[in-house]
Each structure stands twice: as C-alpha cells, then as structure tokens.
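**Q** Going by UniProt numbering, the sequence shown opens with residue 1, and the numbers climb by one from there. Glycine included, every Cβ here is placed at the ideal spot set by N, Cα and C. The model shown is predicted, which means the values in this text are computed figures rather than measured ones.
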Amino acid sequence: MAGFANLSQAARTWSIGFMEFDPQNAFNNAGAVLRQLSALLVSYSLSFVGAVLLLVIGYLVAGLVERWLNAALAHIHGFDLTLRNFFSKIARYAILVLVFIMVLGQFGVQTASIIAAIGAVGLAIGLALQGTLQNIAAGVMLLVLRPFRIGEDVQVGSIRGTINEIGLFATSLHTSDGLYILAPNSSLWSQPVTNYTRNQTRSNAITVRIKPDADIDQAQRALIRLAQSDSRVLADKTPSASVSEVADDAVTLTLTYWTAVGDFGGTKNDLTKRAKLTLDQQGLSKV
C-alpha cells in the first residue's frame, strides 16, 4: 500500500509540473543557451586558430633566429663551432618557450603562475645539477677566451697533454706516451694554464760542465758558435753562454738560445750532444 501511495504522489507531482510547463519560456531558455554556446564556440574557435597561428609563426621564427645567429657568429673570427651551436639552440628554445606561454594566454590561462612555476623548476634543476652547470659555464669560458686550442700542448695542474676536443662538459687530451685523459672543464678553468705551443718561438737552455781550471771564455765562445751554426736557432735572438755555477770540481755553463716551437725538442737534443762532443775535442769538458 505504501508503494502505491508513493507512486500516486509522484504522478500527481508530474501532472502539476506538466500543467505549469510554459512552452514559450522553455523556447526562450533554449535559445539563450544556444546563443551562449555559439558565442563560446566562436570565441574558442578564434582562440584555437590564433594559437595554431602563433605556434606555426613561432616555430618558423625560432628556426630563422637559430640559423641567423649561427651564421652571424660564424663571421666572428675564432668563434668556436660548439659555442655557436650552443648559443643558437638557446635562442631557439627561448623563443619556443615564449610562444608556448603566449598560446596558453590565448585560452585565458594565467601565464604569471606558469612563469613562476618554470622559474621554480629551473631553480630546482640548477641546484640538482650544480656541478654539471659549473662544467658548462667553464666550457663556455674556455671556448670564449681560448687559453688553449685543439692540437696545442698544455699543462693544467697535474694534467699535461695535447688537446683533442673542447666540449661543453669536459675536455679530452692525449699524453706523449699515448694515454687518454678526460678532464672536467671546471678543473681546467680553475687552475693556471701553461700553453707550450701557443707562441711561435720558445727559449731553451742546455747546461754543460767543464773543468775547474779550463778556459771559461774559450768554452763560452765554442758554445755560442755551436748554437749559431744550427739553422734552427733563430738568428734575430743572439745565443748566450753564461756561468751558472762554480764548484771545486767543475764549472757549469748554460747555453741559451731561441727556436721555433716545432724545432724545440729536436734542437735541444742535437745541441746537447754536439756541445759535449765539441768540449771533449777541445779538452774542456768535465769527465
């Protein structure tokens, strides 16, 4: 009986609602809803079209800026290829991020909060990759200031070798005995660099010992003539021979001369040998 009573009550309520139904009012309400939907559709359609245009134009502009910046940096004498590509990519991605934020603004998204979130994420990534970012910063400085180039013989702290490649994170070298070294850029940037091949000429010195009672002037003249007779010794920088040490058992003479960088090692070896033979022949060298 209770269920039948509830059903009867529902029927009466529906009948009353149906009797109160106003077709004109419902039509007006439906028309208003349709107009609002049409306005929203038009608004979001325009936003969508604008977003697509922004994406297309932004993508094209980013590519043009990347190529233009790469070409412009290529005209700078000595500007490294790795550094050119790095700055060009940075400019490209910066434009794309800006375009993405503008697209979100087309749909009413609060871009200020997005920028703040990007900044927070960037800060977190920077703290997490602090060591890596130090290497990148050091790599950029090495590529800009160029304390060494590929093929040059350098020493940085305990590291000595010839440069193979200068990257954004690390620099590779090989030693004179064939060993491979990969050094983080931060360790190379934070220490003094000795570049043995950057300058075109180098000074060198060899030492010899003569008898304590030998004629020092004769020995000095013999060493200077020996250096001057070698075509690899530069004529515009006159060789010199000086007394560097006097002891009871011997006198030490130092022959100083200049050569081109490429002749440094060979000239030193030959002059050292010939100096010993020359002083031996004149009876001046210390046995």
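Out of ARG209, ILE159, GLU66, state which residue places its alpha-carbon closest to the alpha-carbon of ASP248.
**A** Ranking ARG209, ILE159, GLU66 by Cα distance to ASP248 puts ARG209 first.
**Q** Mind checking GLU66: buried by the 16 CB within 10 Å criterion, or exposed?
**A** So GLU66 counts as buried.
**Q** Taking the C-alpha atoms as reference points, what is the distance between TYR257 and ARG198?
**A** About 18 Å.
**Q** What ranges does the beta strand (DSSP E) occupy inside the region 167 to 198, keeping only unbroken runs of at least 3 residues that lie completely in it?
**A** Fully enclosed beta strand (DSSP E) runs of 3 or longer: 170 to 174, 180 to 184, 193 to 195.
**Q** Just the C-alpha distance for LYS268 and LYS276, rounded to the nearest angstrom, thanks.
**A** Their backbone Cα atoms lie some 12 Å apart in a straight line.
**Q** Say whether the region 181 to 189 touches the region 148 to 161, bearing in mind that this needs 3 or more beta-carbon pairs closer than 8 Å, one atom from each stretch.
**A** A contact exists between the region 181 to 189 and the region 148 to 161.
**Q** Between the Cα of HIS174 and the Cα atoms of LEU168, ALA74, PRO192, ILE150, which residue gives the shortest distance?
**A** Nearest option by C-alpha distance: ILE150.
**Q** For ALA241, which of helix, strand or coil comes out of DSSP?
**A** ALA241 falls in the strand class under three-state DSSP.
**Q** Which residues mark the beginning and the end of the alpha helix (DSSP H) in which ARG232 is found?
**A** Segment: none, ARG232 is in no alpha helix (DSSP H) and carries neither H nor E.
**Q** Would you mind reading off the limits of the alpha helix (DSSP H) that contains ASP280?
**A** Start and end: 264 to 281.
**Q** If we ignore side chains and look at the alpha-carbon of each, how far apart do PHE264 and ALA170 end up?
**A** Distance between the alpha carbons of PHE264 and ALA170 is about 29 Å.
**Q** Report the residue from ASP230, LEU179, ARG225 whose alpha carbon sits nearest the alpha carbon of LEU279.
**A** The shortest C-alpha separation from LEU279 is found at ARG225.
**Q** CB-CB under 7 Å to MET141, same chain, minus the five flanking residues each way: which ones, in chain order?
**A** These residues qualify, in order along the chain: TRP189.
**Q** Hey, quick one: how far does the beta strand (DSSP E) through ARG149 stretch, first residue to last?
**A** Segment: none, ARG149 is in no beta strand (DSSP E) and carries neither H nor E.
**Q** Report yes or no: do three or more beta-carbon pairs, one from the region 132 to 141 and one from the region 157 to 168, lie closer than 8 Å?
**A** The region 132 to 141 is in contact with the region 157 to 168.
**Q** Report buried or exposed for PHE148, applying the criterion of at least 16 other Cβ atoms within 10 angstroms of its Cβ.
**A** It counts as buried.
**Q** Relative to the C-alpha of ILE101, which residue among ILE90, PHE87, ALA116 is closest?
**A** Of the listed residues, the one whose Cα sits closest to ILE101 is ALA116.
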